[in-house]
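Enquirer:
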Amino acid sequence: MNKLLWALFAAAAAFAPAPAPRAARPVLKAVNNGRGVAQKLRRSGVRLQAKAEPPRAAVVAQAAAAAVEDAEPTWFDTYTKVSGALTNLFPVWTVVFTLWALKDPSAFAWLTTKYFTAGLAILMLRMGITLA
Numbered sequence: 626m627n628k629l630l631w632a633l634f635a636a637a638a639a640f641a642p643a644p645a646p647r648a649a650r651p652v653l654k655a656v657n658n659g660r661g662v663a664q665k666l667r668r669s670g671v672r673l674q675a676k677a678e679p680p681r682a683a684v685v686a687q688a689a690a691a692a693v694e695d696a697e698p699t700w701f702d703t704y705t706k707v708s709g710a711l712t713n714l715f716p717v718w719t720v721v722f723t724l725w726a727l728k729d730p731s732a733f734a735w736l737t738t739k740y741f742t743a744g745l746a747i748l749m750l751r752m753g754i755t756l757a
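Numbered as in the working numbering, the sequence shown ends at 757 without a single skipped number.
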């Protein structure tokens, strides 16, 4: 029972969220004795006018969204959804296989050092590829 609790604790600790990085502090620079471009333009009487037309990126994004909505899902879209769901459930798979291995160790007797090393290498490569 003690091993089971330790395995559950280790599995839960492995998937704890990492602390968020500190936000970068803004660097304030004094430009022209504290007078910015906007202040200079206001003092000179120049008025800035916003363009009435939407930015090109917004128009392209709307057109792409409309094209995607009309298209049928491909096999790759289905593959992406299924693999995303399975990947999001990785902590569940870890706990399930941990409990299975603790209950019936002979089921995993085939997992020798050679296979374990190769599996760990594949897992680390996959984690490195998917880092954002």
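Don't be surprised by glycine CBs; every beta carbon is placed ideally from N, CA and C.
1. Going straight from the alpha carbon of L738 to that of L714, what length do you get?
2. Report back the beta-carbon spacing between F733 and A726 to the nearest angstrom; my notes put them in contact at under 8 Å.
3. By how many angstroms is the C-alpha of E697 removed from the C-alpha of A686?
4. DSSP state of D702, grouped into three classes?
5. Given this structure, state the Cα-to-Cα distance separating T719 from A682, to the nearest angstrom.
6. How many Å lie between L756 and L724 at the Cα?
Expert: In short, the structure shows the following:
1. Per the sequence shown, residue 738 should be read as Thr rather than Leu. The C-alpha of L714 is placed about 26 Å away from the C-alpha of T738.
2. Right, their Cβ atoms sit about 5 Å apart.
3. A686 and E697: Cα-Cα distance of roughly 19 Å.
4. Here D702 sits in helix by DSSP.
5. Cα-Cα distance, rounded: 42 Å.
6. Taking the straight line from one Cα to the other gives about 28 Å.
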